[in-house]
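Chains as they are written, first to last, in the working numbering: chain F, 993 to 1195; chain S, 993 to 1195; chain U, 993 to 1195; chain V, 993 to 1195.
There are 4 protein chains.
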Amino acid sequence: METGETPLTERGIRTREKLISAAREVFEERGFLDTRVAHIARHAKVAYGSFYTYFPSKEAIFLEVADRLFADMTAHRVPSPGSEPAARIRRANREFYEAYQRNAKIMPIIEQVATFNEEFKELRRKHRAEAVTRSSRAIERWQRDGLVDPSLDPEMTARALAAMVDHSLYLWIVQGEDADGIERLLDTLDTLNIRALGLPTTP
Amino acid sequence: METGETPLTERGIRTREKLISAAREVFEERGFLDTRVAHIARHAKVAYGSFYTYFPSKEAIFLEVADRLFADMTAHRVPSPGSEPAARIRRANREFYEAYQRNAKIMPIIEQVATFNEEFKELRRKHRAEAVTRSSRAIERWQRDGLVDPSLDPEMTARALAAMVDHSLYLWIVQGEDADGIERLLDTLDTLNIRALGLPTTP
Amino acid sequence: METGETPLTERGIRTREKLISAAREVFEERGFLDTRVAHIARHAKVAYGSFYTYFPSKEAIFLEVADRLFADMTAHRVPSPGSEPAARIRRANREFYEAYQRNAKIMPIIEQVATFNEEFKELRRKHRAEAVTRSSRAIERWQRDGLVDPSLDPEMTARALAAMVDHSLYLWIVQGEDADGIERLLDTLDTLNIRALGLPTTP
Amino acid sequence: METGETPLTERGIRTREKLISAAREVFEERGFLDTRVAHIARHAKVAYGSFYTYFPSKEAIFLEVADRLFADMTAHRVPSPGSEPAARIRRANREFYEAYQRNAKIMPIIEQVATFNEEFKELRRKHRAEAVTRSSRAIERWQRDGLVDPSLDPEMTARALAAMVDHSLYLWIVQGEDADGIERLLDTLDTLNIRALGLPTTP
DNA sequence: CATGAATGAGGTTTCATTCAT
DNA sequence: TATGAATGAAACCTCATTCAT
Chain F
993 METGETPLTE RGIRTREKLI SAAREVFEER GFLDTRVAHI ARHAKVAYGS FYTYFPSKEA
1053 IFLEVADRLF ADMTAHRVPS PGSEPAARIR RANREFYEAY QRNAKIMPII EQVATFNEEF
1113 KELRRKHRAE AVTRSSRAIE RWQRDGLVDP SLDPEMTARA LAAMVDHSLY LWIVQGEDAD
1173 GIERLLDTLD TLNIRALGLP TTP
Chain S
993 METGETPLTE RGIRTREKLI SAAREVFEER GFLDTRVAHI ARHAKVAYGS FYTYFPSKEA
1053 IFLEVADRLF ADMTAHRVPS PGSEPAARIR RANREFYEAY QRNAKIMPII EQVATFNEEF
1113 KELRRKHRAE AVTRSSRAIE RWQRDGLVDP SLDPEMTARA LAAMVDHSLY LWIVQGEDAD
1173 GIERLLDTLD TLNIRALGLP TTP
Chain U
993 METGETPLTE RGIRTREKLI SAAREVFEER GFLDTRVAHI ARHAKVAYGS FYTYFPSKEA
1053 IFLEVADRLF ADMTAHRVPS PGSEPAARIR RANREFYEAY QRNAKIMPII EQVATFNEEF
1113 KELRRKHRAE AVTRSSRAIE RWQRDGLVDP SLDPEMTARA LAAMVDHSLY LWIVQGEDAD
1173 GIERLLDTLD TLNIRALGLP TTP
Chain V
993 METGETPLTE RGIRTREKLI SAAREVFEER GFLDTRVAHI ARHAKVAYGS FYTYFPSKEA
1053 IFLEVADRLF ADMTAHRVPS PGSEPAARIR RANREFYEAY QRNAKIMPII EQVATFNEEF
1113 KELRRKHRAE AVTRSSRAIE RWQRDGLVDP SLDPEMTARA LAAMVDHSLY LWIVQGEDAD
1173 GIERLLDTLD TLNIRALGLP TTP
């Protein structure tokens, strides 16, 4: 088997899974830069050399870890078309926060890698662009429905509000702020979001 | 001379300055991780060892570069107390953008280092906290003056809006978006900011 | 494999042994200070990095070399309880000399390291203390048996006589004195030892 | 002035002296290997570069420090021909001990340098040889006077007894033994010395 | 497939000595 | 002479990746 290819046997699949979950834990613990392939192998209780049976490099396994993370971060975006905008925004923010929470330890590492790995930077850009596009479409729809001021630039607005939510949560977490305040932060994010769009807060 | 001490002679001061500006250029060019002390020394046209006459490590010189950057980023925050809120926000955003623009190449590197260096993370946290406090105070004042909805949490609002502006500009730059759109982005940031606070847009 | 661990395979054990015996030879040849890890690796015909697979530093491998030396230096101390004191001293001195001879090239290096390495200094102190204690016990026994003047301080006497033998041999060797005189020196050491203790020279 | 030459001006002589005494203190404190020229210069409160005005190297200044030490160690050897052997030995041992004591901190450093510096090794050999010769002559004299057993090899005896005294004191000091025991050690050294030679203990 | 040892390029840092002022 | 900066040749150690069993 070539290095990095999908394993065929049951046993191989298990080893590969062990490595991925070990990798995630080690990355969370030490960050990408301070993680050694040896750490991952040891944590997964496999031989050092076995790592390279499944992944061609440390970057490769990180990409796999990140892929699963992105899947989790986007999986829960249920559109729920029936509800009115303010409620949808609140729900979306909460869902995003919960996903963030679930992945709190790995998120800063994602940021870390994004600062120097081009391939990864591109991956993130795409994910973000998709999210912004979705959000932008929603704004346009609300503008057509007369719920949002038509003079707002939908794309830029989507970008800015996504940046606000993303980065606020990111900073909250990396700066290790106390858990108590998070509700206040989330409420504020909802409110600002809704007010910025000029949405009615009651149906 | 021991490493890291302030140079005593004119010549020493000049060499130190050469190193700092060379370091900034090399960091901008290659990022922190891919920068070698050798690159900095070569770029500054001094001997390898001379680097260590002035700085104990790559981290140390980066901290100095960043210090000057932070100074530049905050130096232009002129309060201009007479003007009305919306105008102040617009001006502050533009000033911030101009500073960001001036330092566009080094800003992503700052982010990079912040993801793994604890000392640096703390430095950033402090700078950010100061900015948030200033902004938070302004919001409180406006709330007392009846210009901003008193139900808004001033601190969280300050955090969120700062994150919005910061991160929007950051992403715009690192993702290498075209320069044309920047005006649209800035206008949108102003507008969202003002609307989120519920400020009157005309005096 | 992490540096310094015991190798798990036959091959690993062989490499480790190669390194130790190469190290001993290089240390003998160049002394501790002038030995480079590169020399040891080259002499052992292994890659530079392989050294660090087994030892974290030059000090560490030296400690191992020294450990084996100490083992050799003490292994031959056969008590032979039946014989009378003068004969035992003569035999002990000869055995010590032979061990010294076997390890003549490394002994001065041991002294060298003992002058600046605390860990090693302690190791030597312990070995010496054990030897002194053994010797001291013998003197006490002989005092009880009326063979040695009871007014002698057993511990100090043991220390002094051990220092005499040790250091005489050490100087003889490091000063590269001619091999012919060694018999005269050894005889003199025996005689002084015996006379100092006031032992009868014939049974 | 060429580097290392004797300075001609009053001021130069003072600076040179300052460097020597600073060097001794720093060597005592840190050992030869861990002493940096920078330490010496700083301790002497002279500029780094000034060191090289007076000494061509670290070794050179150490040699000067050691020279003065040797002078002190031998200066007090007053022969006092009138007294009888046992008393002379006792006195010589005490004088040696006092000199050792005065120079306790630097003696181990002397040993250290002697283990790797050829020039210095030779210097020590010479000093030792002189001492051994003096002592050997005394033993011969005593043998002619019928005070010492003529079968003893005077040179080897002198070597052995010198090694005993030297090394016992050396170990006592470097191993940081408590000061209380020193008298017992010195008495034992006297006694062993006298008994080994078979000297009468009373006139 | 698993195992763990082997490799060596690459980067960091030190510091005795030299040099310019 | 005094000063302190400049120099760069060593050494050290790491660790991703490759290889042999």
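In this text, a Cβ means the ideal position worked out from N, Cα and C, and glycines have one as well.
Other residues of its chain near residue i: CB distance less than 8 Å, five sequence neighbours each side excluded
i, result
"residue 1140 of chain V", "1077, 1131, 1134, 1189, 1190 and 1191"
"residue 1020 of chain U", "1097, 1098 and 1101"
"residue 1022 of chain V", "1031"
Contact check, residue i vs residue j, beta carbons under 7 Å
i, j, result
"residue 1158 of chain F", "residue 1176 of chain S", "no"
"residue 1182 of chain F", "residue 1085 of chain F", "yes"
"residue 1035 of chain U", "residue 1018 of chain U", "yes"
"residue 1062 of chain F", "residue 1119 of chain F", "yes"
"residue 1110 of chain V", "residue 1107 of chain U", "no"
"residue 1149 of chain U", "residue 1180 of chain V", "yes"
"residue 1029 of chain F", "residue 1050 of chain F", "yes"
"residue 1167 of chain S", "residue 1151 of chain F", "no"
"residue 1032 of chain S", "residue 1052 of chain S", "no"
Cβ-Cβ separation, residue j to residue i (assumed contact under 8 Å), whole Å
i, j, result
"residue 1184 of chain S", "residue 1089 of chain S", "The Cβ separation is near 15 Å, so there is no contact."
"residue 1099 of chain U", "residue 1165 of chain U", "7 Å"
"residue 1101 of chain S", "residue 1024 of chain S", "5 Å"
"residue 1065 of chain V", "residue 1156 of chain U", "Actually they do not touch by this definition, with Cβ atoms about 20 Å apart."
"residue 998 of chain S", "residue 1038 of chain S", "Not a contact, Cβ separation roughly 17 Å."
Neighbourhood of residue i by C-beta distance below 7 Å, restricted to the same chain and skipping five residues each side
i, result
"residue 994 of chain F", "Confidence at residue 994 of chain F is low in this model, with a pLDDT of 45, below 50, so its placement is unreliable and the value that follows should be read with caution. So the list is empty, once near-sequence residues are dropped."
"residue 1123 of chain V", "1154"
"residue 1105 of chain S", "1024, 1054 and 1112"
"residue 1186 of chain S", "1078, 1081 and 1193"
"residue 1012 of chain F", "1053, 1056 and 1057"
Heavy atom of the ligand COA within 6 Å of residue i beta-carbon
i, result
"residue 1135 of chain F", "Judged by which ligands are present, the structure shown has none, so any question about the ligand COA falls away."
Beta-carbon contacts of residue i that lie in its chain and below 6 Å, excluding the five residues immediately before and after
i, result
"residue 1128 of chain V", "1146, 1147 and 1150"
"residue 1195 of chain F", "In this prediction, residue 1195 of chain F scores a pLDDT of 47, lower than 50, which makes its location untrustworthy; no coordinate-derived value is stated."
"residue 1092 of chain F", "1161"
"residue 1136 of chain V", "none"
Check: Fully enclosed by the stretch 996 to 1038 of chain F, which alpha helix (DSSP H) runs are 4 residues long or longer?
Finding: Taken in chain order, the unbroken stretches of alpha helix (DSSP H) that lie wholly in the stretch 996 to 1038 of chain F and span 4 residues or more are 1002 to 1022 and 1029 to 1035.
Margin query: Extract the residue ranges of the alpha helix (DSSP H) inside the stretch 1064 to 1101 of chain U, only unbroken runs of 4 or more that lie entirely within it.
Written below: Segments of the alpha helix (DSSP H) lying fully in the stretch 1064 to 1101 of chain U: 1077 to 1094.
Checklist line | Continuous alpha helix (DSSP H) assignments of at least 4 residues falling wholly in the stretch 1130 to 1194 of chain S | finding: Counting only runs of 4 or more, we get 1146 to 1166 and 1174 to 1189.
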